[in-house]
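Contents: one structure, followed by commentary.
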Amino acid sequence: ESFTLSPVRFDRNLATAGKDNARQETKPSVIFIYPKYCKTVADRSWVDAVVIDGDTEYTVDKVIPVHHPLTNKIFCFEVEVI
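Residue numbers (the working numbering): 54 to 135.
And the structure:
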């Protein structure tokens, strides 16, 4: 089932390995979901899900909950995509 995440912060990245004709490109990027602004809760079930941003498709690699250091409440979710 598809849904829209908004508002989120999406840090896009492009990494290359190799050189000349043997060069490979990957797009290791991170989506930050802040529960204060976006009421969606991310969990491990998202791994291998497809994220579509415009014309680019990413696959969820990892979901990391980030806790606030003082209150131990979840501050944000880091969703690593490739």
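Where is the CB? At the ideal position from N, CA and C, for every residue including glycine.
Per DSSP, cross-strand counterpart(s) of residue i
i	result
S82	V134
R62	F85
H120	I127
Span separating the alpha-carbon of residue i from that of residue j
i	j	result
K126	A95	14 Å
I84	F63	4 Å
W99	L58	13 Å
K115	C129	14 Å
D106	E133	14 Å
V104	T93	14 Å
P88	N74	43 Å
6 Å Cβ shell around residue i - same chain, five flanking residues per side excluded
i	result
I117	E131
A70	Q77
8 Å contact criterion, which residue i and residue j should meet: CB distance rounded
i	j	result
I135	Y111	6 Å
S82	R65	5 Å
7 Å Cβ shell around residue i - same chain, five flanking residues per side excluded
i	result
P60	Y90, C91
D101	T112, V113
Contact set for residue i: own chain, Cβ-Cβ below 8 Å, skip 5 residues either direction
i	result
T109	K80
H120	K126, I127, F128
A68	E78, T79, K80, P81
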